[in-house]
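Once you know that position 248 of the sequence shown is 383 in the working numbering, the rest is easy, because the numbers rise by one and skip nothing. Heads up, the beta-carbon is just placed ideally off N, CA and C, and yes, glycines get one too. Just so you know, these numbers come straight off a predicted model, no measurement behind them.
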Amino acid sequence: MCVSGRCKKFVGQSVSWLRGASETMSSRPCSGNASSSSSTATSSGVNPGSAPSGNKPSVQEAEEMKWGLLWSPLPKSTTCPPRPVVLVAVLLLKFSSSSTPHYSTVFTKFPNVSLHSSETLPQFDSKVRVEADVFDEDILQYDFPIHYAAYVQNAIETGVKDATELYEKIEPELYNKNIIIENGHPASYLAAINRQAPKSKELARVAYATLRATTVLKEQLAQFRDEIHENDILRRTVFQRSSCPTKRQSDECSVSTHQYRTLDGTCNNLKNPYVGSSFQPFARFLPPEYDDGVSTLRKSISGNELPSARLVSSSIHKDVSRPSSTFTLMLMQWGQLVDHDLTATSQTRAFNHSVPKCCNVSDVHPDCLPIKIMPDDAYFNTTFSTCMEFIRSSPAPRPDCTLGPREQLNQLTSWLDGSVIYGSTAGDLQTLRLFEKGYLKYSNMRNRKALLPQLVHPVENECIISSPRLFCFAAGDGRVNEQPGLTAMHTIWLRQHNLMADKLAEINPHWDEEKLFQETRKIIIAQLQHITYREFLPFVLGPDVLRVFGMRLLKSGYYEGYNNTTDATVPNVFGAAAFRFGHSLVQPQLHRCDENHREMPYKIELSHEMMSPTNIHNLGEVDRISLGLTSQRSQRRDEFITTQLTNHLFQTQGHKGLDLAAINIQRGRDHGLPPYLRWREACGLLKPLNGKQNSTVSNWDDFSEATEIPREKVEWFSKLYESPWDVDLFPGAMVEYPVKGGLLSPTFSCILGQTFLNLRRGDRFWYENPGQFSPVQLQNIRNISLSRVICDTSDGIRTMQPIVFLVPDDIKNPRVDCSNYSVIPIMDFNAWKEEPLSFNLNSISRKDLLDADIYFDNNKPTNY
């Protein structure tokens, strides 16, 4: 209850109806079935590897079916067959400013039933039929036993009470007992990278209440297993559109949203305006798998705990240096920039923005999930600690404000829209714009090009500055100071924005500041999209995957594939596992090179440069980092990861670092990601055993045959996991061989291919779409390359290879002069020139004006 008086905000008011799910959330193979792996997504109408009945697939469809993706999106279930459907009522959930919380059950279009905590529950022997408005304005009708409403009522009351107790009692007590992470601890920097915005904290409160209510309701309804299945409730609860606080009505989208993107990503899809917007839960390609079906971590199919994430990391993700023969470190750096444009998951914070301490304490925050360190750990021995600090991502209200399993919040827009430069809210941009000349704010460096602006109010542990004369940097994304390569990329794109604004102002001096800024932003976003899909993804995914997903960019003309029914929301698995493949590309040191591309004697371990942007202030440092990124080879994409990330992440004086690979594995479990084989299955990538299509993986020999992972690597997993169906997605996909012509494994290629296809197909403002640019303008954008951007924004870089993601080659990718426009083309801004509207009477005689019939004759209008 809100006894302290701090519950002043309306947190959630919703009326909904619970409909049973067409899939279960069991992580175990279905008993009695010939194969758990064969019962794949039948409930969603998706059956990887086979066409719908009566339709013979074409050659192209057969190729797509190999990936299990012909009928997108990915199947919602790979587990058991559908169960009977049942409906239960859900309540209005609200924290009021009064001392007593208000909660009630209201039946839509059934006015005679209204339940409050002080009222007696009406008894009905028969079932009642109700009608509920759903998002697409159809009318759904359900039957439900009315006596279930009492259990819903109790569950909601418990959820509200427990969420209030967490915020108003438990968290303040932990803070007062100093059970929090101290400043300077490695975990404090991890928390800064995954910082929780105030809005995320507010939304988490609603989510805690609904999660607790879901758990209580599942427990209470377990007694009705003869009537319903405990996993068949809560999955498709749909709240009324007008009541859900995370949805916007289409008529709220202003006319301006038809021309330019909003900062928060709303109104991109005019049918569903909140699709892809910031502060929304991630999408799900597959249902989450939690042990209790709601929130607790997945266990082995035996019921035992899964192996320690640190043990898996130290066994699978060892430090084996295997430099790439093909790719530069810029490939990794661009991937990180794109990731920070698409995802930012908030980590749980407690009272007064503190980070709860989880290791070796008596009282723990309910979101603590410390990573166990084994006694024989080669680096983190038990004299240091028996566990590694880890706290869960804060929960998010589910889509359409439903009850059900735990979801996580994306604090950024899902669109590839330059939010890494401009931010994901109007408030972000307000602090970044100069409001002069269409510019973003910058630091004036006198005789060299600009640096990023100063971070005026840095929060604790956001970065480390060694001198009071220096400062941290501000950008559209708060992770800008994480490591020098990332800071340099942010600087390059700040300069690129202001350079584009200058070009547009030069040819259109009549444009006002607002139009100048918006048109510049529009061009910058188009350049980001083009570089990502034209230069980055072809190397990451390879030509075959691009063909399967239809993601090859056009060389001319407009893209006609926009579909407003495509949900482009970034999936949970993308940020929690698949796009973390880049961690294996990281080198232990970030080289600097001089203007002649010669490596400089700069040998500083990466862990010593994290969160410390001090060197960026040095004259020419952005150039040296850029030249290093385009010269130094990346590590190969494999399972091996440098100890700079697995032992020394955010290491500080007196503290050993963290393990990023272990964090990846634990984060996947935290987010309820299904195990590795579920994803292989969903993508249609499980090979038939002994030529039998319906065979299932039952042992480690089967695992090797079905996944084509070498047996020596399978032995690593067999020593860690009890069952092949226990293997976590991240390590499982990382040990796979890459796809033909690409960098990624087949499983991650499947996930990323679907994600980036949705981001293109579902984006109304996609740069290739009709109406975004004129044909001539679009062709000019197609000329842009990352090499051109680096050349134009540098202080003194004179030469660069055309494809910066590939190592220089005298024949295939030679370094050329930046002024060689035939090899590294430039944009012709004359395509953006607009003639100002003029009012000129010099060419019209006075007699012509007087003779015109629009003038009055004898004081009367002649043509009016």
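Which residue from the options puts its Cα closest to that of residue i?
| i | options | result |
| --- | --- | --- |
| Leu432 | Trp814, Asp502, Lys312 and Tyr697 | Asp502 |
| Cys818 | Ala797, Val683 and Ile315 | Val683 |
| Gln788 | Thr777, Tyr956 and His743 | His743 |
| Asn782 | Thr701, Gly677 and Ala513 | Ala513 |
| Lys572 | Met635, Pro736 and Gln662 | Met635 |
| Ala290 | Asn318, Ile314, Thr345 and Tyr302 | Thr345 |
| Val680 | Pro823, Pro905 and Phe883 | Phe883 |
| Phe714 | Glu641, Cys885, Asp474 and Asp773 | Asp474 |
| Tyr343 | Ala327, Glu292, His790 and Phe606 | Glu292 |
| Leu972 | Val594, His625, Ser389 and Pro644 | Pro644 |
| Asp758 | Ser412, Lys738, Pro943 and Glu734 | Glu734 |
| Glu756 | Gly792, Phe891, Ser389 and Asp930 | Asp930 |
| Trp835 | Pro823, Phe852 and Tyr324 | Phe852 |
| Phe900 | Tyr395, Val341, Asn318 and Gly319 | Tyr395 |
| Thr704 | Asp399, Ser412, Asn487 and Pro593 | Ser412 |
| Pro678 | Leu878, Trp967 and Ser391 | Leu878 |
| Leu754 | Thr566, Arg581, Pro408 and Gly294 | Arg581 |
| Ala661 | His500, Lys690 and Phe908 | Phe908 |
How many angstroms separate the CA atom of residue i from the CA atom of residue j?
| i | j | result |
| --- | --- | --- |
| Ser448 | His665 | 35 Å |
| Arg687 | Ile451 | 34 Å |
| Asn439 | Ile508 | 18 Å |
| Asp498 | Leu309 | 7 Å |
| Ser549 | Thr478 | 7 Å |
| Cys728 | Ser602 | 25 Å |
| Leu913 | Glu695 | 14 Å |
| Leu564 | Leu352 | 43 Å |
| Asn616 | Glu597 | 8 Å |
| Pro810 | Glu850 | 18 Å |
| Thr655 | Val911 | 17 Å |
| Val221 | Arg347 | Low local confidence applies: a pLDDT of 23 at Val221 is under 50, so the model's placement there is unreliable, with the coordinate-based value given in what follows. Their Cα atoms are separated by approximately 21 Å. |
| Asn311 | Arg804 | 30 Å |
| Lys638 | Phe964 | 7 Å |
| Gly807 | Ala868 | 17 Å |
| Glu730 | Arg950 | 12 Å |
| Leu421 | Glu648 | 46 Å |
| Asn955 | Trp628 | 22 Å |
| Tyr425 | Arg541 | 9 Å |
Looking only at its own chain, which residues have a Cβ that is under 6 Å from the Cβ of residue i, when we skip the five neighbours before and after it?
| i | result |
| --- | --- |
| Ile800 | Ala444, Val447, Asp863 and Phe865 |
| Ile658 | Met635 |
| Ser766 | Cys728 and His732 |
| Ala797 | Ala444, Arg445, Ser448 and Ile506 |
| Glu524 | Ala322, Cys493 and Cys494 |
| Arg85 | For the chain, the structure presents residues 136 to 999; residue 85 sits outside this window and is missing. |
| Ile599 | Met746 and Ser747 |
Considering only residues of the same chain and omitting the five flanking positions on each side of residue i, which have a CB-CB separation below 8 Å?
| i | result |
| --- | --- |
| Leu821 | Ser172, Leu812, Arg815, Val832, Ala841 and Thr842 |
| Leu921 | Met465, Trp469, Ile666, Glu670, Val939 and Phe940 |
| Ser858 | Ser435, Ile436 and Ser437 |
| Asn495 | Ser520, Thr521 and Cys522 |
| Leu651 | Lys572, Gly573, Ala636, Leu639, Ala640 and Asn643 |
Under the assumption that residue i contacts residue j (Cβ atoms under 8 Å), give the Cβ distance between them as a whole number of angstroms.
| i | j | result |
| --- | --- | --- |
| Ser481 | Asn329 | 6 Å |
| Thr463 | Leu764 | 6 Å |
| Ser459 | Gln770 | 7 Å |
| Arg923 | Pro881 | The pair is not a contact, with the Cβ atoms about 33 Å apart (cut-off 8 Å). |
| Pro321 | Phe785 | 4 Å |
| Lys721 | Met467 | With the sequence shown as reference, residue 721 is identified as Val, and Lys is not the correct amino acid for it. Yes, they are in contact, since the Cβ atoms of Val721 and Met467 sit about 6 Å apart, within 8 Å. |
| Ser554 | Leu544 | In fact, because the Cβ distance is near 15 Å, the residues do not count as touching under 8 Å. |
By Cβ distance below 7 Å, which residues in the same chain neighbour residue i in space, the five residues on each side in sequence not counted?
| i | result |
| --- | --- |
| Lys304 | none |
| Thr349 | Leu369, Val429, Leu538 and Gly539 |
| Thr701 | Asn893, Arg896 and Gly897 |
| Cys926 | Ile932, Met935, Cys953 and Ile959 |
| Leu605 | Thr749 and His752 |
| Leu569 | Leu575 and Lys576 |
| Ser207 | Note that Ser207 scores 34 on pLDDT, short of 50, meaning its location in the model is unreliable; the coordinates nonetheless yield the value given after this. The answer, listed in chain order, is Gln889. |
Completely contained alpha helix (DSSP H) runs for the segment 678-765, where each covers 4 or more residues | 707-711 and 756-764, all fully within the segment 678-765.
In the segment 865-920, which residue ranges form an unbroken alpha helix (DSSP H) of at least 4 residues, counting only runs that do not cross its ends?
-> As far as the segment 865-920 is concerned, its whole alpha helix (DSSP H) runs of at least 4 residues are 881-896 and 910-916.
Which full runs of the beta strand (DSSP E) of 3+ residues lie inside the segment 377-427, going along the chain?
-> DSSP runs (the beta strand (DSSP E)) wholly in the segment 377-427: none.
Can you list, in chain order, the stretches of the alpha helix (DSSP H) that have 4 or more residues and sit fully within the segment 789-813?
-> With a minimum length of 4 residues, the continuous alpha helix (DSSP H) runs that stay inside the segment 789-813 are 795-805.
In chain order, each alpha helix (DSSP H) run of at least 4 residues that lies wholly inside the segment 299-333 = Along the segment 299-333, the alpha helix (DSSP H) occurs as fully enclosed runs of 4 or more residues at 306-311 and 321-328, listed in sequence order.
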